[in-house]
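Heads up: the sequence shown begins at 1 in the UniProt record's numbering, then just goes up one per residue. Accompanying notes for the structure given below.
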Amino acid sequence: MKMRAAVADGDGDDDGAGAPVQVSVDPAAYRDWSALPADLLLTVMESLAIPDLFRAGTACASWYAAYSIARRARIPIRDSAPCLLYSGEGDDDPSKATLYSPSSGDCFRVRLPDPPLRSRNLVGSAHGWLVTADEQSNLHLVNPLNGAQVALPPVTALHHVESFVDEEGNIVYSVDESLGPDDPEANLPEFEELADREVPVEYPAEKLRLFMYHRVILSCSPSVGRECVALLVHRPDGMISFARPGDERWTHINRTTSNGSLKWDTGYTDALYNKNDGLFYLLSFDGSICALDLSGSSPVARNIVKKNTQWDNPSKYIVLAPWGDLLEVWRLRDFDEPDETPECSSAEFEDRSDKWLTEEIMLYKVDIDKQKLVKISSIGDYALFLGFNSVVCLPTENFPMLKPDCAYLSDEFYEEICVKRHNWREIGIWDLKNCKLQSLGDVESLHAWRNWPSPIWITPSLS
Numbered sequence: 001m002k003m004r005a006a007v008a009d010g011d012g013d014d015d016g017a018g019a020p021v022q023v024s025v026d027p028a029a030y031r032d033w034s035a036l037p038a039d040l041l042l043t044v045m046e047s048l049a050i051p052d053l054f055r056a057g058t059a060c061a062s063w064y065a066a067y068s069i070a071r072r073a074r075i076p077i078r079d080s081a082p083c084l085l086y087s088g089e090g091d092d093d094p095s096k097a098t099l100y101s102p103s104s105g106d107c108f109r110v111r112l113p114d115p116p117l118r119s120r121n122l123v124g125s126a127h128g129w130l131v132t133a134d135e136q137s138n139l140h141l142v143n144p145l146n147g148a149q150v151a152l153p154p155v156t157a158l159h160h161v162e163s164f165v166d167e168e169g170n171i172v173y174s175v176d177e178s179l180g181p182d183d184p185e186a187n188l189p190e191f192e193e194l195a196d197r198e199v200p201v202e203y204p205a206e207k208l209r210l211f212m213y214h215r216v217i218l219s220c221s222p223s224v225g226r227e228c229v230a231l232l233v234h235r236p237d238g239m240i241s242f243a244r245p246g247d248e249r250w251t252h253i254n255r256t257t258s259n260g261s262l263k264w265d266t267g268y269t270d271a272l273y274n275k276n277d278g279l280f281y282l283l284s285f286d287g288s289i290c291a292l293d294l295s296g297s298s299p300v301a302r303n304i305v306k307k308n309t310q311w312d313n314p315s316k317y318i319v320l321a322p323w324g325d326l327l328e329v330w331r332l333r334d335f336d337e338p339d340e341t342p343e344c345s346s347a348e349f350e351d352r353s354d355k356w357l358t359e360e361i362m363l364y365k366v367d368i369d370k371q372k373l374v375k376i377s378s379i380g381d382y383a384l385f386l387g388f389n390s391v392v393c394l395p396t397e398n399f400p401m402l403k404p405d406c407a408y409l410s411d412e413f414y415e416e417i418c419v420k421r422h423n424w425r426e427i428g429i430w431d432l433k434n435c436k437l438q439s440l441g442d443v444e445s446l447h448a449w450r451n452w453p454s455p456i457w458i459t460p461s462l463s
């Protein structure tokens with residue numbers, strides 16, 4: 001008896017789409033499946049979904065050899081540089097993601113597990129994992145290469161969020177955006193505005209994710225389990241909570257829980273995790289920095305850099321440079337008034353005319369001893385990757401196709417993305433010397449992206 005298997009025609013898609021090719025296999029002739037002809041084994045490998053391909057590669061030595069060839073063809077990642085991940089403009093599959101590698105010029109596609117990519121909001125990436133918010137505004141960690149997915153505690157597990165069902169049967173979230181009279185911080189002068197807000201504020205389930213999550217920072221790959229800490233910067237005004245995979249609730253950090261050291265004058269905008277000392281470093285809107293230790297039974301915070309500006313307009317990022325310096329990166333934008341507003345009847349396209357453009361990127365070396373920021377004009381033979389991702393800084397000598405002294409930008413203008421999901425996104429290469437934005441090149445026309453979810457940088461990883 002012969003068994004007939006339908007396999008894909010090798011179009012490179014992870015779902016095996018394409019005209020089926022009939023392959024005849026006589027099971028009696030191949031009782032030892034490791035002895036399958038190499039060409040037949042490779043044909044099968046090329047038809048498998050990406051997660052199945054990885055699993056097949058662990059079967060035996062001959063299968064691993066075929067897997068290695070198929071993987072290089074299907075996932076042309078040759079280095080550890082970030083890729084731009086997005087939903088393709090011409091892709092009919094809402095679950096597929098396109099990844100473009102500026103360090104190699106390659107593009108490839110993978111399928112994410114449910115919920116579909118196009119239904120998610122992307123609020124962070126690190127260690128090869130995306131941080132996404134689904135249509136119920138709950139957070140998930142997902143590895144786009146191997147399909148692994150981990151749920152974080154639901155949004156109602158935040159200290160200030162509750163839910164109810166309205167008269168039409170829809171889930172609605174009630175968010176306390178002020179500080180109550182029992183909160184030890186309620187009487188502080190800097191919280192006068194919060195105390196005056198009308199509360200609670202109600203959000204439809206699908207809308208809350210657009211306003212609640214500023215960004216998420218991971219201490220390591222979620223594949224290690226509870227060793228991974230997800231630090232959440234969230235509404236209102238850049239407050240901090242954290243959780244580990246498997247936790248039922250988010251732990252909110254305030255002055256009391258952080259031994260009185262965590263400041264809330266202007267809230268926090270970005271953070272990084274330093275694996276060398278096991279600390280998170282939190283960057284405030286005013287340029288001040290706090291070191292946060294979550295290794296003990298309770299959080300311990302220590303202010304290490306004082307306020308440096310009253311100016312909170314630029315987006316601010318924090319990065320530990322490969323040469324050891326702690327850097328602040330400030331990205332200043334301005335609104336580009338369109339000459340004409342296009343006539344659009346579709347809600348998906350009605351907000352695509354507005355453009356917020358980067359005008360300047362400022363670089364500062366953090367001098368902790370002197371408690372000041374030292375402005376620098378160049379990062380030399382290095383490249384930055386900025387956006388909702390945890391900031392990456394790479395030596396361009398290891399990646400010849402990357403441009404030195406440049407910042408690879410994706411759009412994370414939080415306020416604009418919240419209000420206008422399908423608006424134009426600023427994506428390109430910022431020349432730090434000439435202060436100009438350059439195109440990513442042919443990928444913009446050959447493999448165009450949709451504006452929702454907003455494209456994000458991610459460094460692909462199988463772990």
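Beta carbons are placed, not taken as given, at the ideal position from N, Cα and C, and that holds for glycine.
| Asked | Found |
| --- | --- |
| Helix, strand or coil at Met212 [DSSP, three-state] | helix |
| 6 Å Cβ shell around Ser288 - same chain, five flanking residues per side excluded | Val305, Lys306, Lys307 |
| DSSP state of Leu194 mapped onto helix, strand, coil | Unreliable positioning characterises Leu194 in this predicted model, as indicated by a pLDDT of 49, which lies under 50. A coordinate reading is not provided. |
| Contact check, Ala157 vs Asp237, beta carbons under 9 Å | no |
| C-alpha gap between Asp325 and Ser461, whole angstroms | 26 Å |
| Residue environment, Cys435, which counts as buried when at least 16 other CB atoms sit within 10 Å | exposed |
| Asn398 - DSSP class collapsed to helix/strand/coil | helix |
| Beta-carbon gap between Ile217 and Leu272 smaller than 9 Å | yes |
| Beta-carbon proximity check, Ile458 vs Leu231, cutoff 9 Å | no |
| Own chain residues within Cβ distance below 6 Å of Val374, not counting five before or after | Lys365, Asp367 |
| Spatial neighbours of Leu41 in its chain, beta-carbon cut-off 6 Å, leaving aside the 5 residues before and after | Ala66 |
| C-alpha distance - Lys207 paired with Ala38, whole-angstrom precision | 51 Å |
| Beta strand (DSSP E) runs contained entirely in the region 41-108, provided each spans 3 or more residues | 83-86, 96-100 |
| Cys220, enclosing beta strand (DSSP E) - first and last residue | Cys220 -> no beta strand (DSSP E), and no H or E assigned at all. |
| Met239 and Gly278 closer than 9 Å at C-beta | no |
| DSSP-derived helix/strand/coil call for Ile417 | helix |
| In DSSP terms, what Ile427 is bridged to | Ile427 pairs with nothing; no bridge assigned. |
| Under 9 Å between C-beta atoms of Leu357 and Arg333 | yes |
| CB of Gly88 within 9 Å of CB of Arg109, strictly | yes |
| Distance, His252 Cα to Thr269 Cα | 16 Å |
| Backbone CA spacing between Ser95 and Glu397 [nearest angstrom] | 35 Å |
| Anticipated Cβ contact below 8 Å, Val199 with Arg215, distance rounded | Going by Cβ atoms, the distance from Val199 to Arg215 rounds to 24 Å, so no, they are not a contact pair. |
| Cβ shell of Phe164 (< 7 Å), same chain only, five flanking positions each side left out | Val172, Ser174 |
| Sheet register partners of Val329 (DSSP bridge) | Tyr317, Leu363 |
| Proximity of Ser221 and Ser463 at Cβ, strictly below 9 Å | yes |
| Buried or exposed (CB count within 10 angstroms, at least 16 for buried), Trp452 | buried |
| Residues sharing a beta bridge with Phe335, DSSP | Trp356 |
| Span separating the alpha-carbon of Gln136 from that of Phe413 | 22 Å |
| Helix, strand or coil at Ile439 according to DSSP, with G and I counted as helix | Reading off the sequence shown, one finds Ser at residue 439, where the question assumed Ile. Three-state result, Ser439: coil. |
| Limits of the beta strand (DSSP E) - the one that Glu202 falls within | 201-204 |
| Beta-carbon proximity of Glu328 to Leu363, cut-off 9 Å | yes |
| DSSP three-state assignment for Arg118, whether helix, strand or coil | helix |
| Simplified DSSP state of Thr156, which is helix, strand or coil | helix |
| Beta-carbon proximity list for Leu210, same chain, < 6 Å, skipping 5 on both sides | Cys418 |
| Gln371, enclosing beta strand (DSSP E) - first and last residue | No beta strand (DSSP E) contains Gln371, which DSSP labels as neither H nor E. |
| Closest residue to Asp91 among Ala70, Ile77, Arg118 (Cα-Cα distance) | Arg118 |
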